[in-house]
Ligand code: 13P
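Residue numbers (this note's numbering): 31 to 279.
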């Protein structure tokens with residue numbers, strides 16, 4: 031199966047950015063007629079804007095939370111549950127983002143548990159992995175992402191609800207993108223790991239790249255055979271996001 035047989039997937043991770051006025055601006059440029067039918071598009075606003083964005087965007091565009099907890103409800107101050115997200119029409123969640131791992135101390139184990147719980151409640155998951163600069167420099171990239179992927183895979187039974195996002199930490203928000211070849215090398219090794227679960231899972235699971243993707247570099251990254259789309263941070267707040275969604279046209 032070639033990259034193009036897996037539907038191209040572009041996520042916009044707004045992180046902790048935006049207000050009602052700027053979000054209205056994003057909704058304006060995210061008109062479905064601007065976006066290729068060959069791309070699946072999901073945007074991820076901050077929690078407090080999820081319902082607003084879900085109500086404003088057409089159903090052809092997915093909406094993702096940036097996190098959720100591994101319980102239905104209860105005494106977990108500051109958290110949201112997958113059931114609450116589904117209740118407001120939000121069916122996607124980003125889990126294991128490097129900022130959750132590195133700023134908020136989420137372990138591989140917790141990320142895996144959250145992925146398993148969210149899937150069990152019918153959510154679809156963008157599961158993030160990626161190595162630190164020090165790990166890359168120590169030649170540990172493949173081992174690190176394999177370890178992170180295993181902690182996730184141990185909790186997944188239905189891979190059709192999972193998109194794997196490879197985001198090298200040193201490329202996030204730094205303007206330092208992985209070269210297409212660097213990204214392709216890791217994506218190919220991740221696909222090999224997925225193929226060892228089953229050849230179908232390897233062939234069908236989308237592996238997207240994140241880290242300083244912009245309107246200028248998206249086409250050369252999209253041309254790589256194992257890069258099935260992007261998870262975009264900063265550029266997803268700007269009309270450049272439309273160019274990135276349409277990178278394979
Ligand atoms: P940037 O595109 O701003 O580098 O962020 C990438 C990212 O972390 C997306 O989840």
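Just so you know, even glycine gets a beta-carbon here, dropped at the ideal spot from N, CA and C.
Closest residue to residue i among the options (Cα-Cα distance)
i: residue 78; options: 108, 88 and 131; result: 108
i: residue 62; options: 52, 89 and 100; result: 89
i: residue 245; options: 117, 135 and 205; result: 205
i: residue 203; options: 140, 261, 236 and 186; result: 261
i: residue 178; options: 269, 259, 279 and 140; result: 140
i: residue 180; options: 138, 201, 192 and 191; result: 138
i: residue 263; options: 127, 37 and 192; result: 127
i: residue 216; options: 275, 68, 54 and 240; result: 240
i: residue 80; options: 67, 276 and 53; result: 53
i: residue 258; options: 273, 214, 247 and 230; result: 214
i: residue 166; options: 274, 201 and 155; result: 201
i: residue 60; options: 132, 73 and 49; result: 73
i: residue 231; options: 188, 252, 111 and 238; result: 188
i: residue 150; options: 111, 69, 234 and 168; result: 111
i: residue 283; options: 278, 277, 279 and 265; result: In this structure the chain extends from 31 to 279, so residue 283 is not present and cannot be described.
i: residue 254; options: 50, 116 and 277; result: 277
Where residue i sits in the DSSP three-state scheme
i: residue 132; result: helix
i: residue 125; result: strand
i: residue 105; result: coil
i: residue 94; result: strand
i: residue 112; result: helix
i: residue 213; result: helix
i: residue 49; result: coil
i: residue 162; result: coil
i: residue 231; result: helix
i: residue 186; result: coil
i: residue 226; result: helix
i: residue 138; result: helix
i: residue 180; result: helix
i: residue 268; result: coil
i: residue 148; result: helix
i: residue 86; result: helix
i: residue 278; result: coil
i: residue 171; result: helix
i: residue 62; result: helix
i: residue 204; result: coil
Identified DSSP bridge partners for residue i
i: residue 74; result: 43
i: residue 38; result: 69
i: residue 260; result: 40 and 239
i: residue 156; result: 124 and 193
Nearest-angstrom Cβ-Cβ length linking residue i and residue j, presumed shorter than 8 Å
i: residue 267; j: residue 56; result: 7 Å
i: residue 271; j: residue 92; result: Not a contact, Cβ separation roughly 14 Å.
i: residue 256; j: residue 221; result: 5 Å
i: residue 142; j: residue 184; result: 6 Å
i: residue 275; j: residue 66; result: 6 Å
Test: residue i CB closer than 9 Å to a CB of chain C
i: residue 220; result: Absent from the structure: chain C. Only one protein chain is present.
Residue i beta carbon near ligand 3 (any heavy atom closer than 8 Å)
i: residue 97; result: Although ligand 3 was asked about, the structure shown includes only ligand 1 as ligands.
| request: Kindly confirm or deny that the stretch 82 to 89 and the stretch 144 to 156 touch, where touching means at least three C-beta pairs closer than 8 Å. | output: no
| Are three or more beta carbon pairs between the stretch 201 to 210 and the stretch 169 to 178 nearer than 8 Å? | no
| message | Is it the case that the stretch 111 to 129 contacts the stretch 94 to 102, given that we only count it when at least three CB pairs across the two stretches are under 8 Å? | response | yes
| Three or more C-beta pairs below 8 Å linking the stretch 158 to 172 and the stretch 196 to 204 | yes
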